[in-house]
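Enquirer: Dropping a structure here in structure tokens format, bear with me for questions.
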Amino acid sequence: MKEKKANNEALEKIAEITRKNSKKGKITIYDDFSKKPLSLSEEESNNILEEIKTDENYNDIRVLRGSAGAYLFSDDSMTIQYAKIIAQVEDKDIYKLIAERVRDDSETYPRPTKASVFLYEPYMISKEEFEEVMNNIRDKEEYNDIKTLNASNGVPYLYSSKYLEDDHAVALTEWVEVIRKEVP
11 MKEKKANNEA
21 LEKIAEITRK
31 NSKKGKITIY
41 DDFSKKPLSL
51 SEEESNNILE
61 EIKTDENYND
71 IRVLRGSAGA
81 YLFSDDSMTI
91 QYAKIIAQVE
101 DKDIYKLIAE
111 RVRDDSETYP
121 RPTKASVFLY
131 EPYMISKEEF
141 EEVMNNIRDK
151 EEYNDIKTLN
161 ASNGVPYLYS
171 SKYLEDDHAV
181 ALTEWVEVIR
191 KEVP
């Protein structure tokens with residue numbers, strides 16, 4: 011009975027932390043449950059995760075699996091798309107992060123992605139790291155569809171050749187960066 015009460019308290023605390031983090035635009039890192047103030051064993055953490063998935067009091071709490079671990083967020087305060095971005099930032103998988111955003115923009119909207127978006131929230135990739143990734147991304151087979159281009163005003167963009175033809179990407183970039191601003 012005492013163990014069940016302790017698990018319920020830990021469950022409540024995890025839900026509270028997760029909801030609070032989500033309101034601040036952050037995800038909760040599963041591995042942190044083993045640290046203070048919770049100090050849970052792996053088994054306790056796993057049991058609590060299972061309970062979160064099945065207890066309707068926690069139906070806003072979602073679990074994401076990343077390459078470096080699991081993450082929790084509340085979908086009352088954060089979209090799945092945003093949570094995935096934050097998880098990829100936590101995973102430090104910069105190539106995949108950039109490629110997925112560029113592919114999504116190219117397929118969904120369709121539009122190229124302004125390169126500078128990766129320097130700001132929620133990505134916060136340093137300029138040096140971004141430049142290094144861009145210099146090496148072409149050499150990686152799984153990312154060979156990610157292309158770069160510059161508008162006539164010099165602003166760099168990225169697009170996926172899987173979803174946008176080269177000429178279409180150039181025209182869209184020029185429209186967004188130059189022509190649209192010149193036309194009243």
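Convert by adding 10 to the 1-based position in the sequence shown; the result is the number in this note's numbering.
Just so it is clear, CB atoms sit at the ideal spot from N, CA and C, and this is done for glycine as well.
For N31, count neighbouring C-beta atoms within 10 Å of its own C-beta (all shown protein chains included) and say buried if the count is 16 or more, exposed if not.
Expert: Here residue 31 is taken as the residue at index 21 of the sequence shown, counted from 1. Counting Cβ neighbours within 10 Å, N31 comes out buried, since at least 16 surround it.
Enquirer: Decide if the segment 127-147 is in contact with the segment 70-77; the criterion is three or more beta carbon pairs, one per stretch, under 8 angstroms apart.
Expert: no
Enquirer: Between the C-alpha atoms of A97 and G76, what's the straight-line distance to the nearest angstrom?
Expert: Taking the first residue of the sequence shown as 1, we reach residue 97 at position 87. Taking the first residue of the sequence shown as 1, we reach residue 76 at position 66. Between A97 and G76, the C-alpha separation is close to 6 angstroms.
Enquirer: Distance check for P47 and K173, CA to CA, integer angstroms please.
Expert: Counted from its first residue, the sequence shown places residue 173 at position 163. Counted from its first residue, the sequence shown places residue 47 at position 37. Looking at the sequence provided, one finds Tyr at residue 173 rather than Lys. So the two alpha carbons sit approximately 47 angstroms from each other.
Enquirer: With DSSP as the reference, please indicate the residues paired to P166 in a beta bridge.
Expert: For the purposes of this step, residue 166 is taken as residue 156 along the sequence shown, with counting starting at 1. Paired residues: N160.
Enquirer: Secondary structure at S126, three-state DSSP: helix, strand or coil?
Expert: Numbered from 1 along the sequence shown, position 116 holds the residue referred to as residue 126. Three-state DSSP puts S126 in a helix.
Enquirer: For L168 and T123, which I take to be in contact (beta-carbon distance under 8 angstroms), what is that distance rounded to the nearest angstrom?
Expert: Counting from 1 along the sequence shown, the entry for residue 168 is found at position 158. Counting from 1 along the sequence shown, the entry for residue 123 is found at position 113. The pair is a contact, with the Cβ atoms about 5 angstroms apart (cut-off 8 angstroms).
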